[in-house]
Every structure is written in structure tokens, then in C-alpha cells.
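Engineer:
There are 2 protein chains.
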Amino acid sequence: VAALPLLLHQYIVNQPHHPGVVSPDQQRHACAPQPGTSGAAARAPSTGKPSFTNAFDIRSVGCSGDPTMFEAFWRETGDAAELVIPGWQTMSYFSDVGNVCWFMEPLFDQQVRRLHRTVGNAAVDGYHVLVGTGSTQLFMAALYALSPADADQPTSVVSTAPYYSSYPAVTDFLRSGLFRWAGDANSFVGDSYIELVCSPNNPDGAIRDAVLSSGAGKAVHDLAYYWPQYTPITRRADHDIMLFTVSKSTGHAGTRIGWALVKDREVARRMTKFVELNTIGVSKDSQLRAAKVLGAVSDGYDVGGGGASRHRLFDFGRRKMVERWRMLREAAAASGAFSLPAETSGQCNFANETAANNPAFAWLRCDREDVEDCAGFLRGHKILTRSGNQFGADPRYVRVSMLDRDDAYDIFISRLASLK
Amino acid sequence: VAALPLLLHQYIVNQPHHPGVVSPDQQRHACAPQPGTSGAAARAPSTGKPSFTNAFDIRSVGCSGDPTMFEAFWRETGDAAELVIPGWQTMSYFSDVGNVCWFMEPLFDQQVRRLHRTVGNAAVDGYHVLVGTGSTQLFMAALYALSPADADQPTSVVSTAPYYSSYPAVTDFLRSGLFRWAGDANSFVGDSYIELVCSPNNPDGAIRDAVLSSGAGKAVHDLAYYWPQYTPITRRADHDIMLFTVSKSTGHAGTRIGWALVKDREVARRMTKFVELNTIGVSKDSQLRAAKVLGAVSDGYDVGGGGASRHRLFDFGRRKMVERWRMLREAAAASGAFSLPAETSGQCNFANETAANNPAFAWLRCDREDVEDCAGFLRGHKILTRSGNQFGADPRYVRVSMLDRDDAYDIFISRLASLK
């Protein structure tokens, strides 16, 4: 869930080399449009945004939370994560009719549990695993499951600011009578609510706990970033509802697979019902691909099983994140115009060493007195960010993705360092 | 959209060979549970419901609209529809940043247009193609796109009875303030509405046109069954919004891919926005699989391109449907207790011959004076159906799937023929 990169209404593309009229929706989505590859002429699977060809590329950078940083890792692993699907396979709606989540592939369930046991970041024994079309769908499913169907008023949905900008958008876009966005959890008054707890938090990387507690209140823990590449694994989380996604754990955003770990069977049943009504289940192809990919990650650390390999995703990811955060802190220091959250660290039970928190997003503050709109200021220098006011925070702050490909990240860093 | 097989609250499984407590959700989904294959022990992709082993199998039949009939075809085609996905492929959220539907794989767009040109069932020139997680998601997207965001009251959603039972359920489950189910189109009074036109109609196979017409009203045409295996292709449909799905065209229900053909760019943009907010796009893996499968279907008829093969999906499908309808009409006649819609036919521009309408569902009426609840009566004889009252119709009617595997269909026929 903590992944939605697209509600980027403030993103404007500046493309003097590619004139022509750019429509509003192209402006919104085209972080870096790819001239000439649109439409029916294509003969190959898509590649997302194009690579930057040199340091003088005038296209904008910094856009979206697209986790393409991980592509380099998966190119190295060869066919360990390759999936072959025969034409006749998994044609049925049904995957596992004895499971609460009847449309979930047993292989996916199995590899989700295995990876959590390998990493130690979440409890799985006694939990139902549910699969969703990305964790965004399971976020909506949780709101549906936790809102009393017979209530007079919609249930209030809250989260501590700065909160992920998609929470209010996804909660309210259908104007549901079941649930309604109610803003910052810290200013909420009442007994009945759903509190969204994102930890590490999108946008600022903070480690969080629920701030509200009442008998009638419920919490949904969005743990999309609770993986060793981003943060020390300090405890095995065991909340009632925990959301995860391959987008941020392995980088496979295009696969649109998320999962929930749910304690209560009735909540699991109602969440499943949501997915049934919304999309009649979840792509089997992507479930099988996710199972393959998650399995390849676990294999990398399977010392006991003899399968441990030199392809270790979390080692790759942590190395990259440490390096990128070092570059970013140096660039901010060179500029002098920006500040970043202080670095924190903790004992990582997975890596068995002290590790820093290296968030997937940078929560950057512009310290210049003459700049009140940091996103606008950066946009003027071809750095695309999401403004703090989208997260219920001060527009002197912006969120910047740390997960882009190397070429784009390097250009972002050099542009930032040059700003005074 | 006309595919949702799972809102089957009336389906009860009778399993004296498999005692143990069956929970309500298992009862609902377990049309034919598969003992011993549930959970994490599985080592292979799922196969849906298990095959029947002999004619004396005591499990129930007739359940759901699962299109597993088509598996036999795809097993015959060999690797023509096999998909290989390397671990590093399509990891980005983005597929085609210049397209309104920025998350759609260009290969999918291309093969959708090619198949419609091959079959002649729908116009594609001047249309936007949009991809969805099944056509159910695009059905919701259409309601979202066509409902004015600033209206005081939810827009009324209507369809002529008998209407697909999922229309009211999917329209109302989130209690949206944007749209609300308003029942049978024939009794609707007002100017502002969204009319759902399913043709051939689920459940009764009727060829339909919109019954309402006003300047402020909108229509959504659900053409899930407008393919040569089910009905003669009498014209190239060119409505404002047309919905299709691989579930019913090729039988790949588990792939969860539907598409919309949309004339108006702003409607296409808003439908895309719905999918963005709901699931941040659609599985690339399944889009690529659908492109492969649709391409294999077109290849079968590509005489000009020299690629025409002996594997022709619509020939297979029509042969099966003709045979199954013959068997069903004979069984109903043998029984004497049931009647079926009269057979209709027309000139099929695709097959270039007169062809009968062979719907994907049988709309069966029980003519026995002592039976008011046909679904309950059949359930007592281990035939699972959906009651007419789910479709806004008389409970003397039931809907029965015509798309199950041969073994299950044969048992259904023999059980039906024996009822007096």
C-alpha cells in the first residue's frame, strides 16, 4: 500500500525536446515519457520509463516510487526467478477451495510464510494469508472488513501525519458510506476508528506504533517497508492485520501482488469477500510469479537447505540503500539548502548486526527562507517530488523516491548538490 | 463482468464422504472441495475444482460459471500460448506512459484490436482500449466514470430483468455515494441513470438493446458473451463503452483480465483513474499472458498471414456448445419437468453461415406445479444452480453453467434427465 506513486498531480514534465501538446493525464503520469514507443507498434513487453543516456539529459528526475532499482539484481539471478506458464494452466477462478482465501495459489501462501520465517519480520503461525492485487486492494479490503455494515455513520479512518498521501485518496474516492477519511490520528476524538500505521513510515521513514487505543478502534499495520534493505528487523511483528507487497520487498511493482497476514478468521473472510466483489480474485499468473520470486529470495539465504546462493536480495538492497543515503546526505551538505531526518539505527535480528534505517523515500526539507513551496522550487530545477501538503504536512517538505534506477538517481543527486 | 460465479449464497455442498464441519464460507465457495490439496503442502500450480472420477460420484455439479470447458482446447495447442517471464521483466508500475491507460502493455492493446478485427464483433478504430483486473473492475470503473462527482444523489444503476446477479451486489457493496442500484430498467422513472446492457444476456442468453433513452442517461454494454462460440456475430458493435473478458472469450478466468473499448477520452481517463486508485494498474504478467492467448486465437484464423492453424478456438467452442445444448434439450425433453428458452439463430458474419444462439448459461424453468423453488429442488438432487430471484426473476427459474469440464457436464445432464 505504501507504494502508490501515481497521485502525482503536482508533477509536471518539462520536455523542450519533445514538443507537441501534452494532455493533463500525460502530464500527470509521464514522469519521463518514452517518445515513439506508445501504442500498437510495440513488439515486446514494456520496460517502464526509459533510461537516462547521459548526465546532461534534460528530462526531470525524482518521480514516483517505482522500485526499478531492483531490476539490476534480478538480471543477475538468471533463470532462478523465471516463470513458464503453459496455455492451459490455472484457467479456473478457483485455486484452493478449502482456504478462506479461495482464489489464492497454495504455492504463493507457502512462499509468503517461508520468507517471513527466513527474515523474521512478521509472525505467520496462526495467521491467515490473503492475496490481493497489490496491497492497495487489501488496504481497501481491510477498511471494508473493519467497518460495521450496520453503522449509521461511516467509520473514521485516521493516520498520524505525515501520512501516506494515498490513504485519504483511496479511502474517499468512491464516497463510501462504510468508511471516511478523518485526517491526523493525533487530533482524532472518538472511540470508533480505523488507524493506519505505516512502519517504516511513508513518507518519512519513521518507525511507528499506533497512537490511538480504544476497545472499539482497530488498527491496520502497513509494513510494506519492513524489510532488511530499508530498516533493521528489530522484532517479529504480530499485529492483527499486516500488509505487505512485492513492489517494495522484491521490486516487482508491475506484478501487482500484495498480501495480508490476518489473525481473525471473520476479518479474513470479509476481506476475501471484498476482493471477490471487486475483482473476483487475483491474477494466478502473478501469484505464481510472486511465489517464484519470493522463493528465489528465500533460496538465497537457505543455508540449512544447502540452497544459499551468491544472489542475496537483501544484501544487494541494503548495499544500494546505504550507498544512496550516503550520496544524498553528502549532496544535501554540499548544497546547504536542505535538511534530512537524522539517521537512526538498531540491532537487526536478520543481519545479526547493527544497521541503519535507510528509508525508501527521502523526506527532504528546504531550509531556504525564500522557499515556501519546496516541490515547486525543485520542479523548477527538474527534480520532481511530492509536496509535503499531500501528506498532511508542511509544503517546505517533499518526498523523493530513493528506488529509481542508478542513472536517474545519479542525476537527481548531482542536481540537488548544485542547488544553493 | 458477466462472469461472477461466486455470489452463490444458495450453494450448499453435500459431502457425506467428507464429514467434518464445513464453515459458511467453505459452503459458499466449495462447489466441489478438493480434500487434501489445501494449504502450504502444494508443490504445483492449482487446477481449480477436481475432475469427477465416475458417473456415480456423489459430489454436486452445475456450480458456477467457471469456464474450464476450454482447458481441453489449450492443452491441444501446445506451446503456442505458453508464456515465459524472466525474473527482471516488467517490474515497473508503468507500461506505456503516452497512453491514457498508462499501465497497459502495448502488446495487449495490439492483440485486443487484432482479435476484434479478426472476429468483427466490435469496432476498435477510434476507441481507447483499457485493461482491467477482469471486466468486473472495469464495470466498477465505468460506474465511477459515468457518475457526476458533484451530484447530490447517487446515480441510479439499472438493467432489464433478468439481470446478472452481480450487478446489484457489485454496485452496492461499498455503499457508494456516487452510484446506487435501482433495479429493473423497465420500471425505472427518471432522466439520469446508467443502464447496463448485457448481450447475449447473463443469465438467459437473450440478445439485448438498451431500453432507456434520455440525454442524461448513459449505457454500458457488457459484451462478455458476444463471441462466435456463443452466438452469431450479426454486427460490429460500436457502443460508447463495451466490456469484454478473457474469462469467457478464451476461458482464462484465473488470469483476471478484462478490457473496455471506450469512445470518449475523458471517460477513458476517469475509468483509468479508478483502476489507479483501486489497484494501481493491472498485473503485467497476466496482460502479457492474455496478449499471448488472444494472439494464438487470431493466429488460428490468420489465413492471409499464412499462420492459420488447425487449432481454432471458436470452432472448438461452437462445436462444444452445439453439442451441449443438444444434450441439454434432450435431457429436458426426457425429464419433462423443465423448459428452456426457444432456440434462436442468425447469420454469423464471422463463420459466414447461419448459426444458433448457444448461451454460456442455461436459463432453466421448472414446470412442476409443486416446485416453487427450482434451485432448492435441484440442490436436493445434487445439481447446484443460482436461483432466478438472484436475477430479479421468478424462483421457478435457475441459471446453470454450460462451461464446466466434460465429466461434470455429463453428470449434470444424466441427473437432470432422470428428474421427473
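The listed protein sequences derive, respectively, from chains A and B. Count along the first sequence starting at 1, add 43, and that's the number in my numbering. Count along the second sequence starting at 1, add 43, and that's the number in my numbering. Where is the CB? At the ideal position from N, CA and C, for every residue including glycine.
(1) Which of the three DSSP states is assigned to B/Leu286 in this structure?
(2) Give the straight-line distance between the Cα atoms of B/Ser480 and A/Thr322, rounded to the nearest whole angstrom.
(3) Distance check for B/Arg442 and B/Gly431, CA to CA, integer angstroms please.
(4) Assuming the contact rule is C-beta atoms closer than 8 Å, A/Ser16 and B/Ser329 should be a hit. Round their C-beta distance to whole Å, please.
(5) Would B/Ala262 pass as a contact of B/Ala253 if the rule is Cβ separation under 8 Å?
(6) Could you run through the region 121–145 of chain A and flag, in chain order, every residue whose CB is less than 9 Å away from some CB of chain B?
(7) Can you pull the chain A neighbours of B/Glu415, defined as C-beta to C-beta under 9 Å?
(8) I'd like to know if the region 143–161 of chain B and the region 153–163 of chain A are in contact, where contact means that at least 3 CB-CB pairs between them fall below 8 Å.
(9) Grouping DSSP H, G and I as helix and E and B as strand, with all else coil, what is B/Thr198?
(10) Near B/Leu31, which residues of its chain fall below 7 Å by C-beta distance, leaving aside the five closest residues on each side in sequence?
(11) Among all the DSSP beta bridges, which residues are the ones paired with B/Leu320?
(12) Does A/Gln180 come within less than 8 Å of chain B when only Cβ atoms are used?
(13) Can you tell me where the beta strand (DSSP E) holding A/His264 begins and where it ends?
(14) Note down the Cα distance separating B/Val289 from B/Gly419, rounded to an integer number of angstroms.
(15) For A/Ser219, which residues in the same chain have their Cβ closer than 7 Å to its Cβ, ignoring the five residues on either side in sequence?
(16) Report the rounded CA-to-CA distance for B/Tyr207 versus A/Ser135, giving the unit in angstroms.
(17) Quick one: residues in its chain with C-beta nearer than 8 Å to the C-beta of A/Ala165, no 5 flanking neighbours on either side, listed in chain order?
(18) From the DSSP output, read off the bridge partner residues of B/Asp227.
(19) Mapping DSSP to helix, strand and coil, what is B/Ala394?
(20) What is the C-beta distance between A/Lys463 and A/Gly379, in whole angstroms, given that I count them as a contact (C-beta under 8 Å)?
(21) Evaluate A/Val232 with the Cβ neighbour count: other Cβ atoms within 10 Å of its Cβ, from every protein chain shown; 16 or more gives buried, anything less gives exposed.
(22) For A/Glu412, would you say it is in contact with chain B, using Cβ-to-Cβ distances shorter than 8 Å as the test?
(23) Residues of the region 155–181 of chain B in Cβ contact with chain A at a cutoff of 7 Å, in chain order, please.
(24) Measuring alpha carbon to alpha carbon, tell me which of A/His171, A/Lys316, A/Thr90 ends up nearest B/Val140.
(25) Pairing CB atoms from the region 438–454 of chain B with CB atoms from the region 404–415 of chain B, are three or more of them under 8 Å?
(26) Relative to the ligand NAD, is the shortest distance from any of its heavy atoms to the C-beta of B/Pro438 smaller than 7 Å?
(27) Please report the distance separating the alpha-carbon of A/Asp215 from that of B/Ser103.
(28) Drop a sphere of 10 angstroms on the beta-carbon of B/Thr22, count the other beta-carbons inside from all chains shown, and report buried for 16 or more, exposed for fewer.
(29) Buried or exposed: where does B/Glu119 fall if 16 or more other Cβ atoms within 10 Å of its Cβ makes it buried?
(30) Considering only their Cβ atoms, is the gap separating B/Ala188 from B/Gly175 smaller than 8 Å?
(31) How should B/Pro149 be labelled, buried or exposed, when 16 other C-beta atoms within 10 angstroms of its C-beta is the threshold for buried?
(32) What first and last residue would you give for the beta strand (DSSP E) that runs through B/Gly301?
(33) Beta carbon of A/Arg251, beta carbon of A/Val240: below 8 Å?
(34) Of all Cβ atoms in chain B, is any one closer than 8 Å to the Cβ of A/Glu366?
(35) Interface residues of chain A around B/Phe216 at Cβ under 7 Å?
(36) Applying the 10 Å Cβ sphere with the 16-neighbour rule, what's the burial state of B/Arg353?
Structural biologist: Result, derived from the coordinates:
(1) In the second sequence, the residue the question calls residue 286 of chain B occupies position 243. Note: B/Leu286 maps to strand in three-state DSSP.
(2) In the structure displayed, chain B extends from 44 to 463; residue 480 of chain B sits before or after that span and is not available.
(3) As a working mapping, residue 431 of chain B is identified with position 388 in the second sequence. As a working mapping, residue 442 of chain B is identified with position 399 in the second sequence. Distance between the alpha carbons of B/Gly431 and B/Arg442 is about 7 Å.
(4) Since the first residue shown for chain A is 44 and the last is 463, residue 16 of chain A is missing from the structure and cannot be characterised.
(5) For the purposes of this step, residue 262 of chain B is taken as the residue at position 219 of the second sequence. For the purposes of this step, residue 253 of chain B is taken as the residue at position 210 of the second sequence. Their beta carbons are under 8 Å apart, which means B/Ala262 touches B/Ala253 by this criterion.
(6) Gly121, Asp122, Ala123, Ala124, Glu125, Leu126, Val127, Ile128, Pro129, Gly130, Trp131, Gln132, Thr133, Met134, Ser135, Tyr136, Phe137, Ser138, Asp139, Val140, Gly141, Asn142, Val143, Trp145
(7) Reading the second sequence from its first residue, position 372 is the one you call residue 415 of chain B. The premise fails here: B/Glu415 is roughly 29 Å from chain A at the closest Cβ pair, so nothing lies under 9 Å.
(8) no
(9) Stepping through the second sequence from its first residue, residue 198 of chain B is reached at position 155. Reduced to three states, the DSSP call for B/Thr198 is strand.
(10) Outside the displayed span of chain B (44 to 463) sits residue 31 of chain B, for which this structure offers no information.
(11) What you label residue 320 of chain B is simply residue 277 of the second sequence in a count that begins at 1. Paired residue(s): none; B/Leu320 is not in a bridge.
(12) Translated into the one-based positions of the first sequence, residue 180 of chain A becomes position 137. It does; some Cβ of chain B falls within 8 Å.
(13) Locating residue 264 of chain A in the first sequence gives position 221, where the first residue counts as 1. First-last of the beta strand (DSSP E) with A/His264: 261–265.
(14) As a first step, residue 289 of chain B must be located in the second sequence, where it is residue number 246. As a first step, residue 419 of chain B must be located in the second sequence, where it is residue number 376. The straight-line gap from Cα to Cα measures roughly 32 Å.
(15) Indexing the first sequence from 1 puts residue 219 of chain A at position 176. Pro197, listed in sequence order.
(16) One-based indexing of the second sequence puts residue 207 of chain B at position 164. One-based indexing of the first sequence puts residue 135 of chain A at position 92. The alpha-carbon atoms of B/Tyr207 and A/Ser135 are separated by roughly 20 Å.
(17) In the first sequence, residue 165 of chain A corresponds to position 122, counting from 1. Result list for A/Ala165: His159, Leu266, Tyr269, Arg279, Ala280, Asp281, Met285, Phe287, Leu304, in chain order.
(18) Here residue 227 of chain B corresponds to residue number 184 of the second sequence, with the count starting at 1. Beta-bridge pairing links B/Asp227 to B/Ser202.
(19) The residue given as residue 394 of chain B occupies position 351 in the second sequence. The answer is coil: DSSP assigns B/Ala394 none of H, G, I, E or B.
(20) Sequence index remark: in the first sequence, residue 463 of chain A carries index 420 (1-based). Sequence index remark: in the first sequence, residue 379 of chain A carries index 336 (1-based). With a Cβ gap of about 7 Å, A/Lys463 and A/Gly379 count as contacting.
(21) By 1-based counting over the first sequence, the position of residue 232 of chain A is 189. Under this definition A/Val232 is an exposed residue.
(22) Taking the first residue of the first sequence as position 1, residue 412 of chain A is located at position 369. Output row for A/Glu412: interface = no.
(23) Arg156, Thr176, Gly177, Thr179, Gln180
(24) Counting from one through the second sequence, the residue named residue 140 of chain B turns up at place 97. With distances taken between Cα atoms, B/Val140 lies closest to A/Thr90.
(25) yes
(26) No copy of the ligand NAD occurs in the structure displayed, which carries no ligand at all.
(27) Walking along the first sequence from the start, residue 215 of chain A turns up at place 172. Walking along the second sequence from the start, residue 103 of chain B turns up at place 60. Straight-line Cα distance between these residues: approximately 42 Å.
(28) Since the first residue of chain B shown is 44 and the last is 463, residue 22 of chain B is not available in this structure.
(29) On the second sequence, residue 119 of chain B is found 76 positions in, with the first residue counted as 1. Exposed.
(30) Within the second sequence, residue 175 of chain B is the residue found at index 132, counting from 1. Within the second sequence, residue 188 of chain B is the residue found at index 145, counting from 1. Not a contact, by the Cβ cut-off of 8 Å.
(31) For the purposes of this step, residue 149 of chain B is taken as residue 106 along the second sequence, with counting starting at 1. Result: buried.
(32) In the second sequence, the residue the question calls residue 301 of chain B occupies position 258. Where B/Gly301 is concerned, the enclosing beta strand (DSSP E) stretches over 300–305.
(33) Mapped onto the first sequence, residue 251 of chain A falls at position 208. Mapped onto the first sequence, residue 240 of chain A falls at position 197. Contact flag set, yes.
(34) Taking the first sequence and counting its residues from 1, one reaches residue 366 of chain A at position 323. It does not; no Cβ of chain B falls within 8 Å.
(35) For this step, residue 216 of chain B is matched to residue 173 along the second sequence. Per Cβ cutoff of 7 Å: Leu320.
(36) Start at 1 with the first residue of the second sequence, and residue 353 of chain B comes out as number 310. When all chains shown are included, B/Arg353 counts as exposed.
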